Each structure stands twice: as structure tokens, then as C-alpha cells.
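What follows is a short report on a single structure.
Residue numbers (this note's numbering), protein chains in the order written: chain P, 1 to 633; chain A, 1001 to 1201; chain X, 2001 to 2367.
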């Protein structure tokens, strides 16, 4: 049973930050959850969906984040409590609604969780979504611990309901995906009845609405001044104070402890980050002469506090501010206790070392020369490997220097060696198609390079359809290859409108990708990318035609397929393998790059790693000597 | 309970797909039963696709730790893959670190394609010996079944090592809570194999 | 034979120069070289510096004299038509064969006969106009499949790629019907130290060829004029007609040959061989006589087969008039002259004849 359903108030359990947020929503009596999968936020909606039936709440994977927010807002307008969770880029996608729902106001508590990805561990950019809260005039909360992730989420619903305004919670990868101790609270009973009343019109007398919005924020600020989510630890009269929020709390505390500055340095931790709890901050900075601001990613807190300090200059006197602007912390990327400790140490003129220098050098000297790098690649059996090889071959055969515009998904790895360096552009959801429709109009300027846009099945529903319609309407010239592997794979294979089941695992109607394309009026073919030679020929033929065309490469993610259907055994018949020789040159292990294939240096033969191999059999069809065999055919 | 070293820092490392996350989940859940603060930090996302992964598991009796272990601050390293053991020791090791390692290589894609070399296992183990206080090799590569459950196997070895102040029962209870009922028996067997391997070695 | 060069050189010297003949000799040996329609490309260089692909290509430096010595035991004494034992007129005796064929049906008759007699177990043939403009290469294992491949297609398919498939599934003795560039590549494969798809080849029938059309060019040309799937046959009547006739299910359409010439493959302009001089048997048209072929027998083994076929009543032969023979020689020499001229235009150097390795005496005839 899911940890979210444990009904033992006071019990201490291990929870992922995202699970804690979900549990906080449960403890607030949430009724409605909508989301689009996005690292590092996915587990929030995923865990709520898993317990939806148990708690009688509604959970869905929406087509994209804007739709998710709108759907959740509807629940709020009908008096229910609703939560939306998204990664940082999702905030960008729903920004238009964000800017207008703040004006029209909401009714039932509406909580928007934005999970940022500092250092872009699983994203195509890094950004600080806190800026959106300020931009949209929404109250912003930043949990710093796993306990707080739960408690702040629960409180956010109350705040949102009191103000009639959505409330944003900002998390980061290190909190969302880490696990820690959480003491459970009570699970409420009762289920409200949904009913819509009144009107929620943004843009009716905007001046009045905007002014009213500012007043709501002042109410939020008043509540923040008393909030349990802001605290101070350290000496009463500290002259040096670290001001921090979110993940910075853990790092600051450890940095101070590591440098033995616990008696000298105080830490002011803000959980209600916007609007700033000004009185609370001013009260704690009265004795301070120096502050170090610790946060991920942008100097958001830093800049807001500097404004406050400027306004309060007479009261507080001059305070030296260290942070991103001073260069003590980077102002980009993720942070950790070492970066904070080094900043502190440099300011204080101390030395910070976490291990002996001689040992560190020795460790480096021993290890680095022999450690091979571990680049990510496609999983064994991934259909994208075959698809991108077919695309590479078709473009080479075409011979006009064609190229691929890429999009967001597992296949984004196609920009690198895993996908034979095929993707030449990569931005955000749908951008591959958008760029392609532009490139496809450049013929009158002498442009004659064929363009292939590569797009996943989930990406297609999320963002690519308008681009394809544009291509048809404006007569653009390109080939769109939709890689249909049956689910939203990058984030853990959640279902999408083409999958046939919903967030709760129930059967769902299938929106057929090729029918959508036909309705748009473009030529569409559906092929299995595992039939590589046929795929190459079809792609080549389509590249010779004018207009917008779609090729759907349909083959289920093989990790999922092999788990559902079991693995066939694949092995090499060594006497047939010609390995290094002309005619092969180690194609399977060296070029095709499947991690299930090993080159045995001693025997000079290819070998299948039977633990890693998922039994897809593509290598067997590509082997020039038929040396790879799939057991059972 | 109080810990001799507080916080106690454990790194579980391997290659994406080996089940690192499950391993750290089990260990951490076992730790919570001892009324410790436990924090687990992971590297996610690209890990599924063959990249190196690490779980930082930190135990404290005093307060919740940050999810990251500082450079050179690993007390225990449990490695599901030998190259990753050395990679982790290079950044997080110190002369007191204790290492438990599986010697079965998983070849990175660049090694498979001939762009990089995979070092000899003896060389890796030798360097680990030099950097760590003690290295224990858990090798059950003859047993085909055990290979797929390498993560649970190594947790068994860790449990039996006595390096963590967590009794075997807590590990078993954690596994009961976390694993699906149909997988329990097989995983318990693998766990015990790991315990035996530690006892033997 | 050229040694020490591989795919990178093949791409540089042949593919990127537009000189690929689409013979398919380099396709199917490895996963790195692919063909679609008549386009050959190296998907990725394999890293090998000395490769079969470069070795077999009919447009890489070729020691023709050495090939002739290997096949015929001596260099060819006749520089216009190559080495031969006899040149006659010939036709298939079966009228259905003649009606399905382009001219006299001799190739179809001989291949069918060879298969029925067990001289070969399979034949690599080309099937034209099968619902598509692009011909298909076929490994026929039943003699009943042969007639379906009758007729000229004027577009090259990568015939030898089909032969290379034989390395995965050996098929005993194989007969191959090809055009001069394909025949040359096949002979280079046979002369190679590698074990190749040519290993089982026992009979090589070469067709006369002046030029071939590129699929892309011809397809573009026909767009809006003819539906390719309705084409039954294409004819080029002898001069002075100067037309190309496309026979469809609805009737015949004529096109001025000059409008088609733009679609000729560039590689054909540097081709030195009109009558498949390296084949065992060469077969072509007889200008002005639609239901007879010109039959050139080049090797003793070929002569044995032809004699047997005549005795078996499958083909009949007649002497070729002297004037027709002279005309054939002249046509062949013209092609060689054009080739040399075109090559020297490309290289700017009379000493650099690209893939040709001619003796000084030979090249002096054309320069």
C-alpha cells in the first residue's frame, strides 16, 4: 500500500519530497489533481493517482501543463481543493493562464507546485520559477525540509482559499527527489459537493482587479509575518547572518557546522518567499552588518532583500550583502554545502577543506587516468536507436545535407552519440516542429536541404499539433517523424492520449496519432522502426516529396515491452562473427551502440550481455553475417 | 540511539538500471525504524539510460542532514559496479572509508565502441585497497540469478557487515514494506546470499 | 587492382563525383553502405582503410587487361568489341518468349535453359516495370520466374546487392545477367582475395548498353505525363528516329530523346564498355530487326552452353552481316572515344584517366 494512505498521525516515515507534498495535499483534503509528467515533479501526481480511488479524489495526466492548470482551476472554481504539479518548463507553458487566473481569482484552494531543475540534470535549460510568482503577483512558498514539504503544502490550500488566489509552491530536484523523515498528520474526512457560482472574468476592469490583487498580496504578507515556516537559528546578537530559502537551509546549516561558526553566524530561513515577510526579516537583521544570501538558482531572494534593505536603510544602517552579485555564490547551477562553506570561509578568511589535500591528490591520480566516462545512451532495445539510424541513413542517401530538428523526450539524446548525432536543434516541447515549419518555407531563398523534425508521441499531443497545422496551412516543406513508443517514456512511462489507459490504469479512449494527422490533411505513414531497411526506404521516398508529411515510427518502449512480455534470449554464434574485418568493423558493439552488446577483446568476437539485453532482436537483423540469433526466432 | 560518527555517510553507487534507488530506499527505511534522521539524495533522470548513479544516504541522531555528502566524507561505499566504486572513492573517499564492492563490470557505451578502455578488475581493486580502510568484494557471478538482484544482494552484504547500527530485522521489515508481496521470497533469498557472501569474505 | 583504399576514398573519388553506377557491388557486404532506388550512400565510414567496397567498384582504378587475362587467358586482341569466339544473330525459338522480351528473347531463353538443365541453381535478374518505374533485382530460383524479368528497364537497379545477399544463404551455382558496369564489378569481385557473393557465379551474361537513366531524373521527367505504375515497356527505336517510346496500358507515348538526355547518369558518360566485354556471353539488339539479338560468345564454357541450347532447340542463330558487324564496332569505338574525351575534360590531364588503366598504345587510339 502507498505510504500516502498510512493513517497514523504522529508516525515518522521516510518520504520523498514529492511524496511529502502529495501527502500534504491529502492532509488538506485535496479533491482534484492534474499534471503533465516532468522531472523533478512527476511523483507528486503519480503518487496521488495511485491513491485516488482510496481517497475518492480525481487525478489525471493532462495533455500539457496549461490544460492541467485550467482543469484544476475549474475544480477550484467549483469550490473544490485542487493541485497542479509541473516541472519548471511547465510553468512557462501555462504562463498565460497564470497571468489571468490571478486577476479573476479562485475559490477552493488551488496550489501550483513548480519543481525547478538546477543544473538541468533532466532538462534543456535551468530557470528559477520563483520569478513567475512575482511576475503573476502570486504568493510563493519554498519548503526547505521534507517535513516542511508536507506541512507547507497543507497550509498553502488554506492560504489560497482565504485569499481567493492560487498559491505557488516552489521545489527543486534536491528536495523533490531526496528522501527524509516526515511525521504524518491527520487525514481529514468528508467530501465537498462541487458547484459553480458567480463569474470569474479576467480583464473586466483590469485596474480594479490588479489593485485588488495587490491587496491580496498584502494580506498574504501579513499572514507570512507570523508563519511557522520562517525561522531563525543561531546567536541572538549575530552580526553575520545567512539568509536562505529552500534547499539552501540544509546546505547553510552544514556549512556553518563544518566551519565551527555556530556561535558566530546565524541563519535566517525564509519559507514564505514572496511577498517578503518584511517585518520578520527587518527584526532579525537589526544587529547584522553582513549577510550572505544562499539560494538556488537566480538571486531572487537576494534582489528582493536588497530592495528591502534600500528601503530600510535608515533603520538598519549599512549591511554588506554577499551572494551571487558579489561572486561568492555562482548565481547559476545547483549549490551544495561545500559551495556555501567555501563562500563563508572566503568571507571569514578561514580555510575549508573536507579532506586531506595529499589524499585528495592521490585519489585523483590513481582514479582519473583509468576511469572511462559513462555517457547516457538509449536503453537496450530502445526503438529510437533504430529510428535514428534509419533517419541518418535516409538523409545520407538523399545527399542534400538534410538535418534533424529535435524535441523533448528520451530521443533528445539523439543530439549526441547515442543517436548518431542526428539532432541539430533542441529547445522545448514542440520546438522541433515549429522550427521545421519555418525551415520548410525557405525555398524561395535558395534553401534546398531536406528537414526532418523528430517528435515523441507525448510531445505530439502536448505541443506539436499547432506546428503541424501551420505547416499544412502555410504549405511548408518537411518530414515529421513521430516516435511513438506508447507512453511518456522519459519520465517513467506515464500514459498519454494515445496510450489506451489513464492515470489510474483504467482503459481510456485512444486518440490515434495518424487520424489526427489525416484530419489535418497531411500524408501520413505508419511503420515499425525495427524493420530498418524498409524504414530507410520509406523515409527516403517521403523526403523526395513536397509539402508537410508525417511518418509514425510505432514500436513500444522495449523496457516496458520486455517487462510485460518477457525477454527472448539473444546470443552470438561466434564462428559466424567477422568482427574487426571488412564487412563488419564491429558494427553492433561499436557503431550501433546498444549497451547489451559487448566486444570481447580477447576472443575478437561480439557477445551479448544477457543481463542487460532485453531481447528486441534488432541487432540480429542488422548483423551482416547473420551471426546474432534470437532464440525461438 | 547515538551514532559513533554523526552523521554517518553511506554512498550506494552503480549504473542506471541496477536498482540503486530501491537499495537506498530499503537501507534508509531500515534506518528510520531505529529512530534516526535519514536523508537520501539521488541522481535521477538520465540514470535510467546507462549513466553513473549515486545515492547519498546519511544517518544522524541529531538532525536531518542535507541530501549531499561533501567531498571526501563518505564513511561507507557500497558499489554495485567496480568502476563506479573507484569513481566515488576519488571524490568522496578518505582513509577511513569502508568499501563493499561487486566486481562484475558493466561496460560504458564508449568502452563498447572502442573509444575508451575498461581497466582490469585487479587494477581497480588494488587502487580501492590503497584508498580505503578496507575493501570487501562480494562476488557471486557464477550464480546467474543473483546478478539480476545485485542491489538487494549488496544490501544483504551491507546489513551483515555491521557497519551500520541497524539490525537485520529492520532491513527485513523495510523490505516487507517496500517490495511487492510476490517478489518478497526471491528477494529475501538474494538478501541472505549477500549476507553469506559477507560472512565468507 | 587498386589496393589500400576504403570507403572514405570511395566516397571522395566516386560517390561525391557523381560517378556511381549503382551496380550494387558495394552494397550488402556490410551495414555501412546502403542503396535506395538507384542511390548508393555510405551511411558512416567504417574506419577500415582497405575495403572490399573500393576494390569491387567499377569506377575505381581497374586493370582491365589483368581481368581479361584471368577470364579469357589473354588480353583482348580486338579493342572495339573485346575478346570473342563468335558473333552472330540469334533469337529464342519460343514465340511467347520473344513477345515478352525486348528484342529476340535470347537472354530469357538461355537463362531458363541453363536453370532447367541444372547448369545454374539460381539467377540474379532484373524485373522492370512491376507497378513502379524502379526495376527490382531478383534472385530467381525457379525457371518460371525468368520470363517475368524480360525486357529492358533503362534504369539501373543495384543488381549485385542481390548477389551479395547470397553470402548469408549460399545458393549453389549462380547465373548473373547485368550491364557492362555490373559485369566489371562482378569480375573484380571474382578476382578478389576475399570470400564474396560472387563465389558461386558460374555464368555471366552481359547486355549491350549505351547509357542508363537516373531514377530521380526520369521520374521527375515523367511526372504529369505518364503514370509510372501503368508502364509496360520502354523502347528506343534506332536512329534517325531520335525518340523514346513509353508503352502504357493505355497506349504508346513518344518523347524526343533530347529531352531525356538530361536524365542520363553522369557515370555513363565515362563508360568505356558498350558490349559487356568481360562477360561470358554478351547480348544486344540488332538495329532495325526487332525480334533478333546480336549474340557474342566469349568463353569456351559459354560456347558449350550455346551449342547445347541450339541442339536443344531453345535458340537459333544466323550469321551477322559484315556491314552490321562494322556498324557495331563503330558504335562501340564511338562510346570509347566519348568516354575518354569526357574523362580528360574532368581530369584536365591526358595521363589521368580516372578508373581506366589503358596501355599507351590503347589510349593513343582515342587521344
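No residue lacks a Cβ here, since even glycine has one placed at the ideal position from N, Cα and C.
Keep in mind it's a predicted model, so treat the numbers as computed, not measured.
At a Cβ cut of 8 Å, what residues of the segment 1103 to 1133 of chain A count as close to chain D, listed as they run along the chain? No chain D is present in this structure, whose protein chains are P, A and X.
Please return the same chain residues whose Cβ sits closer than 8 Å to the Cβ of residue 2108 of chain X, not counting the five positions on each side in sequence. 2092, 2097, 2100, 2101, 2146, 2147, 2149, 2150
Please name the residue in P:433, P:30, P:129 whose C-alpha comes closest to that of residue 80 of chain P. P:30
From residue 51 of chain P to residue 82 of chain P, what does the alpha carbon distance come to, in whole angstroms? 15 Å
With residue 408 of chain P as the anchor, note down where its alpha helix (DSSP H) starts and where it stops. Neither: residue 408 of chain P is in no alpha helix (DSSP H) and is coded neither H nor E.
Express the C-alpha separation of residue 567 of chain P and residue 2295 of chain X in angstroms, rounding to a whole number. 58 Å
How many Å lie between residue 1125 of chain A and residue 1103 of chain A at the Cα? 8 Å
Give the interface partners of residue 587 of chain P over in chain X, defined as CB-CB distance under 8 Å, in chain order. 2030, 2031, 2032, 2046
Counterpart residues of residue 484 of chain P in DSSP-defined beta bridges: P:554
Is residue 168 of chain P close to chain A, meaning its C-beta is less than 7 Å from at least one C-beta of that chain? no
Which same chain residues, not among the five before or five after residue 605 of chain P, have their C-beta less than 7 Å away from its C-beta? 572, 574, 577, 579
Taking all protein chains shown into account, decide if residue 421 of chain P is buried (16 or more other Cβ within 10 angstroms of its Cβ) or exposed. exposed
Quick one: using the 10 Å Cβ neighbour count with 16 as the cut-off for buried, is residue 1152 of chain A buried or exposed? buried
Output, in chain order, the set of chain X residues within a Cβ distance shorter than 9 Å of residue 527 of chain P. Neighbours of residue 527 of chain P on chain X: none; closest Cβ ~14 Å, over 9 Å.
Per-residue DSSP class, three states only, for residue 2211 of chain X: coil
Excluding sequence positions up to five away, which residues of its chain have a Cβ less than 6 Å from the Cβ of residue 2084 of chain X? 2296, 2298
Report the rounded CA-to-CA distance for residue 74 of chain P versus residue 327 of chain P, giving the unit in angstroms. 45 Å
Mark residue 2215 of chain X as exposed unless 16 or more other C-beta atoms lie within 10 angstroms of its C-beta, in which case mark it buried. buried
Give me whichever residues DSSP pairs with residue 1013 of chain A in a beta bridge. A:1054, A:1079
Can the beta-carbon of residue 2044 of chain X be found closer than 7 Å to that of residue 2032 of chain X? yes
Simplified DSSP state of residue 1045 of chain A, which is helix, strand or coil: Note on residue 1045 of chain A: pLDDT 48, under 50, position unreliable in the model; the coordinate value appears next. Reduced to three states, the DSSP call for residue 1045 of chain A is coil.
Following the continuous beta strand (DSSP E) through residue 2090 of chain X, name the residue where it begins and the one where it ends. 2086 to 2092
Does the beta carbon of residue 498 of chain P fall short of 6 Å from some heavy atom of the ligand SAM? Of ligands this structure carries none, so the ligand SAM is not represented either.
Would DSSP call residue 2180 of chain X helix, strand or coil? helix
Which residues in chain X have a C-beta closer than 7 Å to the C-beta of residue 383 of chain P? List them in chain order. In chain order: nothing, as chain X lies at least about 18 Å away.
Between the segment 1019 to 1047 of chain A and chain P, which residues of the former have CB atoms less than 9 Å from a CB of the latter, in chain order? 1024, 1025, 1028, 1029, 1031, 1032, 1035, 1036, 1037, 1038, 1039, 1040, 1041, 1042, 1043, 1044, 1045, 1046, 1047
Within 7 Å, strictly: CB atoms of residue 93 of chain P and residue 44 of chain P: no
Start and end residues, beta strand (DSSP E) containing residue 2292 of chain X: 2289 to 2297
From the DSSP secondary-structure annotation, give me the bridge partner or partners of residue 1037 of chain A. A:1060
Using beta carbons (cut-off 7 Å, strictly below), is residue 626 of chain P in contact with chain X? yes
Can you name, in chain order, every residue of its own chain whose Cβ lies under 6 Å from the Cβ of residue 116 of chain P, other than the five neighbours on each side? 88, 129, 172
Which residues of chain P have a Cβ atom closer than 7 Å to the Cβ of residue 1066 of chain A, listed in chain order? 250, 251, 254, 337
Identify the residues that DSSP records as bridge partners of residue 290 of chain P: which are they? P:240, P:320
Between the C-alpha atoms of residue 1009 of chain A and residue 2035 of chain X, what's the straight-line distance to the nearest angstrom? 58 Å
Spatial distance of residue 324 of chain P from residue 385 of chain P (CA atoms): 42 Å
Minimum C-alpha distance to residue 2038 of chain X - residue among X:2117, X:2122, X:2137, X:2064: X:2137
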